[in-house]
Ligand code: AGP
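This is the structure in C-alpha cells:
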C-alpha cells in the first residue's frame, strides 16, 4: 500500500528520505511528500506533490535549503481515504497548544477517523484535507502537552489508544529536534540501526543501503529513536539510543536481527524493468529456492522450517491453503498437489472470503498462508482466524521477518530474493516450488515411495533449465502481441493443474496492460463464456500434453469454429496441435510431469503480459491503481 521512510541522525535527512521513497515507490505512487524539522523550535518544512516521487524531488530541489535538517519523515501514497490531491498527500500536520508543529506519515486505515475528526474540530483544529491520517496527526498534536510531561512519545501512545484500524506511523515535532517516534499495528515497519542514525521504513529495501541491523516492531508497539549531539564532556560527538514500549507505555525488549538482503539484489542490474529482471532471473531464483531442499539420493525433501512438526504433518487430516491474487492462484495449485501427492483433503480459498464465512476447523487441520510480502491484510486475518479456531498455521512467504513469517507456527521461505515489480512473477514460481516440495514432504511421510519421490525430485531439479528454454521465446511472444494487443477482451483457458495457470495469465494481462481478461477451466467455456467469442478474439489455451489434452484440443476447435484467435502454450515436439492452430500462435514448453507443468506454462503468459503492457505504453513496474502489498482490507 503506502511507503513510509523516516530518518533521525547526523546527516541531512531530506535527500536520504527521497532516496528511500524511490525504493518504496512500488508500494504506492499516487502522491508523495516529506517533512523535515529545521532545528529546535524552528518549525517543520513540508513538501508534498501529486504524482511520482520524481515530481516531489523536483519540487524539493527548487528550494533544498528550506529543507535542511537531520530529522524527517516521508511518504509515498496509495489512496485509501480522500482523493489523490496535494492536501491529502502525506506527511500530515497538527498544531500543538504549545505552538509547535507535529508531522506524521501513515500506512494503514484509521477506521474511527470520522468520530475523532468531529472531536478535534470541536477542539478548534482546522482540517485542510479529507484523509484519515490528518486526523491522527491532529490527535497527536492535541494530546501533546510537554508542560504536563506528555512528550511526543507519550502523546503518540495516548493517541493510538484512541484509534481503531491499522497503522504504521512515523511522527516528528519541532520541539524535539532529535527524536523520532514510530509505531505499528497491522502494517509493516522496520527500524534500521545505522551509524549515528536510525532509518525507519515500511520495508527492508529502503533500509539496506544504510544498515543490515534491524528491529521489527510488533503490533501495538511504539519506538522512541533519539539521535543527537552528545552532552558536553562525552568523547563521542554524537549519541543515539532507542526504547520500545507498548501503547500503554510498558517497556518491551527488542531483538536486533540481521537483514538477509543486499543492495545489489534490489537494483535493476541493467534491465529496463524490475518485472523483466524478475522474469529472467526465475531459473536462478528457483535454483536458490530449492538449494539444500532436494535430496535426490535419499528421495526426500528437506524443509528445515517444518522439522519440528513433521510427525504432526504426517497425521494431518485436512489442509486449507489460502491467499489473494497471484498467491491465491498458487494456493489453488497447492490444493491439487496436496491431494494428489499427500492424499490429504485440501481446500483452497480466497483469504478475504475464508476469514468472514465462519469456517469449520476440525482437529488436525493445517492452514497454509501463501504470500510474497507476508503483509497482505486479508491473508493475515484469515491466518489469525484459523489459528483462533485451533488450526496449525504454516506460512509460504518470501519476505524474511515479515508479519506472516513471525505469526505462523512454522513455514517455508520462498528464497527467490526481493520482488520489486508490482506484478508477481518469480515469487509465484517460488510459491509453486515450495508448495510442491511441501506436498512431497508430507506425501513421503504417508504413502509415496522413495522411488516415486526420487523421480519427481529429479524432474523438479531440472525445471530451472527448462524455464531457461522457455525464456528464449520472448521475442516470438512480443511479435504475437503486436498482432493482437489492440483487442480488449481475452480468454485464458486451461485444465487440471493448468486451470490456475489460466487464472494467473489473465491476472497478469489485466494488471499490466489494463486489457480485460478472464481465466477459467477450459470446460467452463461452453457454459456461457463461449458467447463472447467473436472474430479475432484472442483465446489463450494452456494445451500441454497430459490427461486432458484431447479435451483441450476440442475446446480449441470450438473456439476456432467461431472465429477466435488461438494463442496456445504447447509441449515441445507436439506436432498434433499444429493442425488446429492454422495461422495462430504456439509457444512451446519442454515436457514435464503434469504437477510440475505450471512452473513452465506460466512463463510465456508472464512475457505475454509484459510485452502487452509495453506495447500499450504502460508503466510495467508501477501499473495504475495497484500497489505491491495490499496491507489494508
Ligand atoms: C500479483 O501480480 C498482484 N500484485 C497481487 O495479486 C498479489 O499477488 C496479491 O496482492 C497478494 O500479495 P502477497 O503475495 O504479497 O500476499
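In the numbering used here, the protein residues as written are 288 to 920.
Each residue gets a CB set at the ideal place from its N, CA and C atoms; glycine is no exception.
In this structure, the straight-line span from the alpha carbon of residue 486 to that of residue 497 is close to 8 Å. Here the region 531-551 makes contact with the region 433-444; the two share three or more CB pairs at distances below 8 Å.
Boundaries of the alpha helix (DSSP H) around residue 421: 419-430. Under DSSP, residue 334 forms a beta bridge with 321. The Cβ neighbour count for residue 350, taken over all protein chains shown within 10 Å, is under 16; the residue is labelled exposed.
Around the CB of residue 339, 16 or more other CB atoms lie within 10 Å, so the residue is classed as buried. Within the same chain, and ignoring the five residues on either side of residue 793 in sequence, the residues whose Cβ sits closer than 6 Å to its Cβ are 779, 804, 805, 806. Counting C-beta pairs closer than 8 Å gives fewer than three between the region 567-577 and the region 601-608, which falls short of the contact rule. By the Cβ neighbour-count rule, residue 785 is buried, with 16 or more other Cβ atoms within 10 Å of its own.
Going by DSSP, residue 858 is part of the beta strand (DSSP E) stretching over 852-858. Residue environment: residue 463 is assigned as buried (16 or more neighbouring CB atoms within 10 Å of its CB, all protein chains considered). Rounded to whole angstroms, the gap between the alpha carbons of residue 639 and residue 614 is 12 Å. A direct Cα-to-Cα measurement between residue 716 and residue 691 gives close to 19 Å. Excluding the 5 residues flanking it on each side, residue 755 has same chain C-beta neighbours closer than 8 Å at 570, in chain order.
DSSP places residue 510 inside the beta strand (DSSP E), whose first and last residues are 508-516. In the three-state scheme derived from DSSP, where H, G and I count as helix and E and B as strand, residue 595 is classed as helix.
In this structure, residue 563 keeps its C-beta atom at 8 Å or more from the C-beta atom of residue 768. For residue 369, the shortest separation between its Cβ and any heavy atom of the ligand AGP does not lie below 7 Å. It is roughly 19 Å from the alpha-carbon of residue 525 to the alpha-carbon of residue 303. Restricting attention to 820, 625, 837, the CA atom closest to the CA of residue 774 is found in 820. Contact between the region 721-734 and the region 692-712 is present: three or more C-beta pairs spanning the two stretches fall below 8 Å. Contact check for residue 402 against residue 662 fails: the beta carbons are separated by 8 Å or more.
Of 822, 800, 827, the smallest CA-CA separation from residue 812 is found for 827. Here residue 371 is exposed: its Cβ has fewer than 16 other Cβ atoms, across all protein chains shown, within 10 Å. Pairing residue 621 with residue 319, the inter-Cα distance amounts to about 39 Å. Looking at the DSSP output, residue 807 bridges to 780. Counting along the chain, residue 842 sits inside the alpha helix (DSSP H) bounded by residues 836-847.
Counting only unbroken stretches of 3 or more residues, the beta strand (DSSP E) elements lying wholly within the region 672-740 are 679-684, 697-700, in sequence order.
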